[in-house]
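Protein chains in written order, with our numbering: chain Z, 199 to 354; chain E, 339 to 597.
Shown next as structure tokens:
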């Protein structure tokens, strides 16, 4: 009888531990919830990506539609190229859409804002492997200050 | 010349202790073919002793550490208007460091010392020798189930510790101090990564489990079979296991999060 009690309490203990793991995975890390869906890949070439990181989010009007998968340098012109994995359910962006690196809040992390472009007969829809041509680079504070000082100097 | 001899003897002693500890571990893990039908009830019994009975202290301290983290973090973060970051602060601190480390320290105090005292007393009352007389290998019969029970229990306890701690942080941060419920969880979900944070924490506590249980079992098995020897062995278990956990934690953190 005692061994039955022991076995039941051990069973509870192990079940509790597994429940804790599931709680941490789903509620705390939300693993598998985002990014589990089908995605398609587009590329974007920037002059400067600032503080953009792998796994940074891609947003349209604040709604997350995808993530940055990899970041590498183009071997020919040494410009950074970001690979974006975008959710399959958002698959009708025209290739006139523009992509800019934005910052959430004053000190927040950087993300990519996608601005859907116009559509007419000559415009095609972005699909797997396309490049987004219209990109705006990150604002680098040092360059801004440099430009400001330079324009101050040329006024005199 | 005396202190040179002293140094030499201590060096030799510590090396032979490492050798005996390795011999114990190998004997417990690989000595002969395991008989799963006979060993499984022993293993379950030890999980009960080592894991289930440690549950209360782990859950209570996890809850209070989570609550204190939230309270202390809030007083600093509110100065910068960043109290929404309370969720990731509490959860990352618990998952990466406090969960595995504090669980291992409590485990060394609660279960490790008990293991040492139990095995030491078995040795003092010559139960281990009697087992050998009956052609039962005490390494397999006594040491192995306790070792596996410790290795299985501690990661589960650490996961429970972190979960309860995060719930405690939620209790203080959201229910009491008024941090927004939605941003507490959503910013936490955005900044906690399953493999980087949760899985690394589990690996840490797995390593700690190996080391703490090994030290506890070896100290008991190697104890001088007198009442004084057992009391010394119990103290050594807690001290050495705690130091080993803290030292290993630095190394593991440097390997996992260092770059």
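Note that the Cβ used here is the ideal one computed from N, Cα and C, for glycine as well. Since the structure is predicted, the reported quantities are computational estimates derived from the model, not experimental observations.
A straight-line Cα-Cα distance of about 12 Å links residue 343/Z and residue 351/Z.
Look at the beta carbons and you see the segment 213 to 220 of chain Z touching the segment 490 to 509 of chain E: at least three pairs across the two are nearer than 8 Å. With contacts defined by Cβ atoms closer than 9 Å, residue 411/E and residue 511/E form a contacting pair. Shown here, residue 257/Z sits in a strand according to DSSP, grouped into three states. Beta-bridge partners of residue 279/Z (DSSP): 243/Z, 270/Z. Judged by DSSP secondary structure, residue 296/Z falls within the beta strand (DSSP E) whose first and last residues are 296 to 301. With 16 or more neighbouring CB atoms inside 10 Å of its own CB, residue 432/E falls in the buried class.
Between the segment 380 to 390 of chain E and the segment 483 to 497 of chain E, the count of C-beta pairs closer than 8 Å reaches three or more; the two stretches touch. About 6 Å separates the beta carbons of residue 580/E and residue 443/E, which is inside the 8 Å limit, making them a contact pair. Assignment of residue 563/E by DSSP, reduced to helix, strand and coil, places it in the coil class. The beta carbon of residue 445/E sits no closer than 9 Å to any beta carbon of chain Z. Shown here, residue 515/E sits in coil according to DSSP, grouped into three states, outside any helix or strand. Interface annotation, residue 480/E: not in contact with chain Z, CB-CB separation never under 9 Å. Cα atoms of residue 284/Z and residue 323/Z: separation of roughly 14 Å, rounded to the nearest angstrom.
The residue from 373/E, 590/E, 577/E with its alpha-carbon nearest to that of residue 474/E is 373/E. One Cα belongs to residue 321/Z, the other to residue 423/E, and the distance between them is close to 43 Å.
Neighbours of residue 531/E in chain Z, taken as residues whose beta carbon is under 7 Å from its own, are 227 in chain order.
Closest in C-alpha terms to residue 527/E, from the list 516/E, 429/E, 350/E, 407/E, comes 429/E. Contact annotation: residue 389/E and residue 449/E have beta-carbon atoms nearer than 9 Å. Comparing alpha-carbon positions, the option among 342/E, 358/E, 371/E lying closest to residue 479/E turns out to be 371/E. The Cβ atoms of residue 589/E and residue 550/E do not sit closer than 9 Å to each other. Residue pairing by DSSP places residue 334/Z opposite 298/Z in a beta bridge. Taking a contact as a CB-CB distance under 8 Å, the pair residue 281/Z and residue 329/Z does not count as one, their CB atoms being some 11 Å apart. Under a 10 Å Cβ-count criterion, residue 547/E is classified as buried, with 16 or more other Cβ atoms of the shown protein chains found around its own Cβ.
Here residue 327/Z is exposed: its Cβ has fewer than 16 other Cβ atoms, across all protein chains shown, within 10 Å. Around the beta-carbon of residue 535/E, 16 or more other beta-carbon atoms lie within 10 Å, marking it buried. The same chain holds no residue with a CB closer than 7 Å to that of residue 259/Z once the five nearest residues on each side in sequence are set aside. Taking a C-beta cut-off of 7 Å against chain E, none of the residues of the segment 251 to 270 of chain Z qualify. Taking 9 Å as the CB threshold, residue 518/E stays off the interface with chain Z.
About 6 Å separates the beta carbons of residue 459/E and residue 568/E, which is inside the 8 Å limit, making them a contact pair. Counting C-beta atoms within 10 angstroms of its own C-beta, residue 519/E has fewer than 16 neighbours from the protein chains shown and is therefore classed as exposed.
A direct Cα-Cα distance of roughly 42 Å separates residue 292/Z from residue 596/E. Taking 7 Å as the Cβ-Cβ cut-off, the segment 207 to 223 of chain Z approaches chain E at 207, 208, 211, 212, 214, 215, 218, 219, 221, 222, 223, given in chain order. With 16 or more neighbouring CB atoms inside 10 Å of its own CB, residue 538/E falls in the buried class. A residue is called buried once 16 or more other Cβ atoms fall within 10 Å of its Cβ, and residue 295/Z is buried on that count. Residue 310/Z is positioned such that its CB atom lies no closer than 9 Å to that of residue 243/Z.
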